[in-house]
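Before any comments, here is the structure.
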Amino acid sequence: MRPDPFTYHQPKSLAEASSLVAELGDGAAFYAGGTELLLLMKMQLAEYRHLVNLKKIDGLKTIVVRHDRLIVGALATHHDIALSTAVSKHCPSLSRLCGEIANIRVRVAGTIGGNLCFAEPRADPPVLLAALDAVIRLVSAHASRVIPATEFFLGPFETARQPDEILTTIEIPLGTGTASVERMKQGNYSLATAAISRNDCHRVWIGYGGGAPKQLDGTGALLDRDNGCTGEEALFSAVAADIADLEIPSDIEAGEYYRRHLIAVAVKRALASLNGIQNPWAH
Ligand SMILES: Cc1cc2nc3c(=O)[nH]c(=O)nc-3n(C[C@H](O)[C@H](O)[C@H](O)COP(=O)(O)OP(=O)(O)OC[C@H]3O[C@@H](n4cnc5c(N)ncnc54)[C@H](O)[C@@H]3O)c2cc1C
């Protein structure tokens, strides 16, 4: 199918882009890699009369380390992030994840900002960024604000971003410990994703197509290293009850029982890879 005709705008600044979308209203959308947007338009699931291209705006693709943060520009593609030496040095889990998402055609076009703003409930980066304590910077013609990744995702395809706000950077604090991410993939997307960060304690975040990333509560005191709770099996048993209590959607891709099982496997694998063990639960 072909999308309905639309006007393509090429603003040169954030203020210009944001004002355009504010003026044009519901019929306008920001355009980054287009891997989600154009698909929706071709399938007639979304109708936009105006696409406001963000790619001509300087600086939105930059990846730098500044002060105590790794700053990733929203227009950096998954491929850019996977190849970035700054990311592989300071945040290897993000580097690896971005190198595995989708296929090479999507990775060279699709941006991290587009992934986050689209808020597809099966997306992987939201889960890892929540575990990494990342913050997201949003800029409009009149204001700028920073919001924790954990508060950005409100539900399936729903975020805290206002229509005229542009996601400009994702900022990840450095030196906050190590992290790992594991995804149980079927077809194009993951059925379950688990990300774990370890600093003073282990913090386990999961995604499973049920909306925003979710933190497993048993990870606080129970998983505290001071409690001597460091073996993968002990750590897993601390969150197993949380997994058993989750409300899991059953859909065309996976039933509830299977998806719950995959969440558990993803968490176990993420715990193992955090400790440098190669998939002991692989069979
Ligand atoms: C075949 C296929 C397989 C995939 N597999 C995976 C996978 O395994 N894991 C995974 O996580 N994802 C997967 N994806 C999703 C992929 O990561 C996203 O399609 C991509 O990152 C979206 O980025 P984009 O630049 O193309 O966004 P676009 O399509 O350009 O935009 C998406 C939405 O975000 C808005 N937007 C984009 N950038 C901004 C910005 N900076 N500020 C404000 N709003 C913005 C747009 O208006 C639009 O609503 C897959 C996609 C495809 C097509």
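Under this note's numbering, the letters of the sequence shown match residues 1119 to 1401, in that order.
Ideal Cβ placement from N, Cα and C applies to all residues, glycine included.
Please read these numbers as outputs of a predicted model, since none were measured by experiment.
In the DSSP assignment, find the unbroken beta strand (DSSP E) run with residue i in it and report its ends.
{"i": "S1315", "result": "1307–1316"}
{"i": "V1266", "result": "Before going on, a small fix: residue 1266 reads as Pro here, not Val. Run containing P1266: 1262–1266, per the beta strand (DSSP E) assignment."}
{"i": "P1291", "result": "1284–1291"}
{"i": "K1303", "result": "1296–1304"}
{"i": "R1184", "result": "1181–1184"}
{"i": "L1132", "result": "Note, L1132: premise wrong, no beta strand (DSSP E); alpha helix (DSSP H) at 1132–1142."}
Whole angstroms is fine: what's the gap from residue i's alpha carbon to residue j's?
{"i": "L1158", "j": "A1164", "result": "5 Å"}
{"i": "I1189", "j": "V1183", "result": "6 Å"}
{"i": "G1293", "j": "V1170", "result": "37 Å"}
{"i": "R1279", "j": "Y1376", "result": "33 Å"}
{"i": "I1314", "j": "P1331", "result": "12 Å"}
{"i": "L1272", "j": "G1329", "result": "7 Å"}
{"i": "E1154", "j": "F1236", "result": "8 Å"}
{"i": "A1220", "j": "E1300", "result": "14 Å"}
{"i": "L1340", "j": "P1281", "result": "Caution is warranted here: a pLDDT of 48 is assigned to L1340, below 50, making its placement in the model unreliable, and no coordinate value can be reported."}
{"i": "G1217", "j": "H1168", "result": "31 Å"}
{"i": "E1289", "j": "F1275", "result": "22 Å"}
{"i": "L1095", "j": "E1283", "result": "Because the chain spans 1119 through 1401 in this model, residue 1095 falls outside it and cannot be assessed."}
{"i": "R1263", "j": "L1392", "result": "32 Å"}
{"i": "V1357", "j": "A1372", "result": "22 Å"}
{"i": "I1381", "j": "T1268", "result": "19 Å"}
{"i": "T1195", "j": "I1366", "result": "31 Å"}
{"i": "E1350", "j": "G1394", "result": "11 Å"}
{"i": "Q1333", "j": "L1246", "result": "11 Å"}
{"i": "V1139", "j": "K1174", "result": "16 Å"}
Where does residue i land, buried or exposed, given buried means 16+ other C-beta within 10 angstroms?
{"i": "N1397", "result": "In this prediction, N1397 has a pLDDT of 47, which is less than 50 and means its spatial position is unreliable; what the coordinates show is noted afterwards. It is exposed - the Cβ of N1397 has fewer than 16 other Cβ atoms within 10 Å."}
{"i": "S1368", "result": "exposed"}
{"i": "G1126", "result": "One detail in the question is off: residue 1126 reads as Tyr in this sequence, not Gly. Exposed is the call here."}
{"i": "H1260", "result": "exposed"}
{"i": "K1130", "result": "exposed"}
{"i": "T1311", "result": "buried"}
{"i": "R1387", "result": "buried"}
{"i": "N1233", "result": "buried"}
{"i": "G1191", "result": "buried"}
{"i": "D1198", "result": "buried"}
{"i": "M1119", "result": "exposed"}
{"i": "P1239", "result": "buried"}
Using only CA atoms, which one of the options lies nearest to residue i?
{"i": "A1297", "options": "C1319, P1281, T1287, L1285", "result": "C1319"}
{"i": "V1121", "options": "L1309, L1156, D1251, G1217", "result": "This sequence places Pro at residue 1121; Val is not what is there. Nearest C-alpha to P1121: L1156."}
{"i": "L1142", "options": "Y1166, K1130, S1131", "result": "Y1166"}
{"i": "D1251", "options": "E1238, P1274, R1321", "result": "R1321"}
{"i": "A1248", "options": "I1366, H1379, T1229, P1266", "result": "P1266"}
{"i": "G1231", "options": "P1210, K1174, D1360, P1243", "result": "P1243"}
{"i": "D1176", "options": "V1383, E1350, T1286", "result": "T1286"}
{"i": "A1384", "options": "A1359, K1303, S1213, L1138", "result": "K1303"}
{"i": "Q1222", "options": "A1200, P1239, V1205", "result": "A small fix is needed here, since residue 1222 is Ile in this sequence, not Gln. Looking at the Cα atoms, A1200 is the closest of the given residues."}
Can you tell me where the alpha helix (DSSP H) with residue i in it begins and where it stops?
{"i": "S1211", "result": "1210–1218"}
{"i": "F1275", "result": "Where F1275 is concerned, there is no enclosing alpha helix (DSSP H), given that its DSSP letter is neither H nor E."}
{"i": "L1172", "result": "Run containing L1172: none; DSSP gives neither H nor E here."}
{"i": "G1232", "result": "1230–1236"}
{"i": "F1354", "result": "1350–1363"}
Taking 7 Å as the line, does the beta carbon of residue i fall inside it for any heavy atom of ligand 3?
{"i": "Y1149", "result": "Absence of ligand 3 is noted for the structure shown, with ligand 1 being the only ligands found."}
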